[in-house]
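The next block holds one structure in the form of structure tokens; read it before the comments.
Number of protein chains: 4
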Amino acid sequence: MSDSIQQLIQRLQQFADARDWGQFHSPKNLASALIVEAGELLEHFQWMSESQSRELNEEKKQQVAYEMADVLLYLIQLSSALNIDLLTAAKKKMALNEQKYPVDLAKGNSRKYSEN
Amino acid sequence: MSDSIQQLIQRLQQFADARDWGQFHSPKNLASALIVEAGELLEHFQWMSESQSRELNEEKKQQVAYEMADVLLYLIQLSSALNIDLLTAAKKKMALNEQKYPVDLAKGNSRKYSEN
Amino acid sequence: MSDSIQQLIQRLQQFADARDWGQFHSPKNLASALIVEAGELLEHFQWMSESQSRELNEEKKQQVAYEMADVLLYLIQLSSALNIDLLTAAKKKMALNEQKYPVDLAKGNSRKYSEN
Amino acid sequence: MSDSIQQLIQRLQQFADARDWGQFHSPKNLASALIVEAGELLEHFQWMSESQSRELNEEKKQQVAYEMADVLLYLIQLSSALNIDLLTAAKKKMALNEQKYPVDLAKGNSRKYSEN
């Protein structure tokens, strides 16, 4: 786990401890909170065209950055609650994906994705 | 941005480039894919009690770790597509949260959360 | 399709037509809008215990009712855009579920659910 | 509440009662299950262009119809658990939307939506 994420884990732990919020932070609740934030993130894009979504103005980009931060913060709290090393899991999952979608079969084919 | 995340960004970029998947990876689509994975994550917990969710067996924990990895990988790809520094955004958001929920008012009170 | 839902379909169509919003109402966008509303619905429950969620006060219940209405309204618009008869689909799906989860095997067993 | 939906309510109730599943069907859990199904619905569209999503083949359309059915079935079970009349709530919400987005201001403007 990188230093930066390790620092966030500790800061989030202190934040929750100081407010006595550990009682609400069951993995079930954290996974709910995470998807609620993912919905707030998607809300920014829901009526945009794909090309509009590639060209956000600075104000919108800052709003989107904070929604992404919320998702990350719950993801880190969930990994902490379950004692899961998030970056190690991500690296393993990438290795699986590289096997699952060989370059020669997957090239330019979004269908490979939707059958994920 | 930490080294580990920087490495994941590059590896995800190479992975998508090799498969010519950049065309599908508009921010709009990545935000959709992210919430779809967040749904797969929540699915593991939906019928559990909160206390059950605190005591996963190893098999379930591994499955959950991979779903969390999927969320992180799309979050990183989205940050890359929008040129957003995810860890910096997370630190800024934490500072805002610390102001928004002063310890003396928020202690033991989940309602502060739900009015977020 | 019941009369009430048929009336809602027509009213939603007129509402969107009058505002020239059909251009934004691709099935892809409507499915995004639907899950965004489902997130707003879940937000009300995310820090509650299960037993608290069974005992909402009137104000909260009204808020929840409107979030549910939003989900239904997007579901109806999506069915309309795709020319899908929602109630017929629901009846067929129920018949499939009754076969998939025989009473003697599924009784009192939430695991049947999570393998859905 | 229309006859068709009333029939679905009763059939869902019998289905859950026969399997002793009422214990898992807290509003909190039903709202989670609903968004999980909304994610499965969105998954079908996530890599499609908007125009592709308007032209599904019959096989895909049937799959989408069943995911929509799942969303509706949880929505109905949630309304039943909370004793909320879903169609009445939907009609009230439509009336609010008609006030909130006057035709002359909202015409052809998706921004009205995203500020919802």
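Residue numbers (the working numbering), protein chains in the order written: chain A, 1 to 116; chain B, 1001 to 1116; chain C, 2001 to 2116; chain D, 3001 to 3116.
Positions of the beta carbon are idealized from the N, C-alpha and C atoms, including for glycine.
Beta-carbon of residue i versus every beta-carbon of chain D: anything under 7 Å?
i, result
"S2053/C", "yes"
"G1108/B", "no"
Identify the continuous alpha helix (DSSP H) that holds residue i and give its terminal residues.
i, result
"D1020/B", "Neither: D1020/B is in no alpha helix (DSSP H) and is coded neither H nor E."
"L1041/B", "1027-1043"
Any Cβ of chain C within less than 7 Å of the Cβ of residue i?
i, result
"S1114/B", "Its pLDDT being 46, under 50, S1114/B is placed unreliably in this model, and the coordinates cannot settle the point."
"Y43/A", "This sequence places Glu at residue 43/A; Tyr is not what is there. So yes, E43/A belongs to the interface."
"A81/A", "no"
"Q46/A", "yes"
"I3009/D", "no"
Taking CB distances under 7 Å as the criterion, tell me whether residue i reaches chain B.
i, result
"E50/A", "yes"
"S2004/C", "no"
According to the neighbour-count rule (16 or more other Cβ atoms, all chains shown, within 10 Å of its Cβ), is residue i buried or exposed?
i, result
"E3055/D", "exposed"
"A3095/D", "exposed"
"G3108/D", "exposed"
"V103/A", "exposed"
"G1022/B", "exposed"
"N1029/B", "buried"
"S51/A", "exposed"
"L1034/B", "buried"
"E3058/D", "exposed"
"E115/A", "Confidence in E115/A is poor, its pLDDT being 47 and thus under 50, which makes the residue's placement too unreliable to answer from."
"Y2101/C", "buried"
"D2070/C", "buried"
"Q3010/D", "exposed"
"M1048/B", "buried"
"L3105/D", "exposed"
"Q1077/B", "buried"
"Q1046/B", "buried"
Please decide whether residue i counts as near chain G, where near means a Cβ-Cβ distance under 7 Å.
i, result
"L3105/D", "Of the protein chains in this structure, namely A, B, C and D, none is chain G."
So is residue i in contact with chain A if we call contact Cβ pairs under 7 Å?
i, result
"A1095/B", "no"
Tell me whether residue i counts as near the ligand FAD, meaning its Cβ is closer than 6 Å to at least one heavy atom of that ligand.
i, result
"N2109/C", "Inclusion of the ligand FAD in the displayed structure is not the case, the ligand content being empty and no account of it being possible."
* Asked: Using Cβ-Cβ distances below 7 Å, what residues of the region 3011-3035 of chain D are close to chain A?
  -> Cβ contacts with chain A: S3032, I3035.
* **Ordered list of alpha helix (DSSP H) runs contained in the region 1045-1094 of chain B, each at least 4 residues** => Those alpha helix (DSSP H) runs which fall completely within the region 1045-1094 of chain B and span 4+ residues are 1050-1053, 1058-1082.
* Output, in sequence order along the chain, the residues in the region 1053-1074 of chain B whose CB is closer than 7 Å to any CB in chain D. => For the region 1053-1074 of chain B, which is checked against every Cβ of chain D, not one residue is closer than 7 Å.
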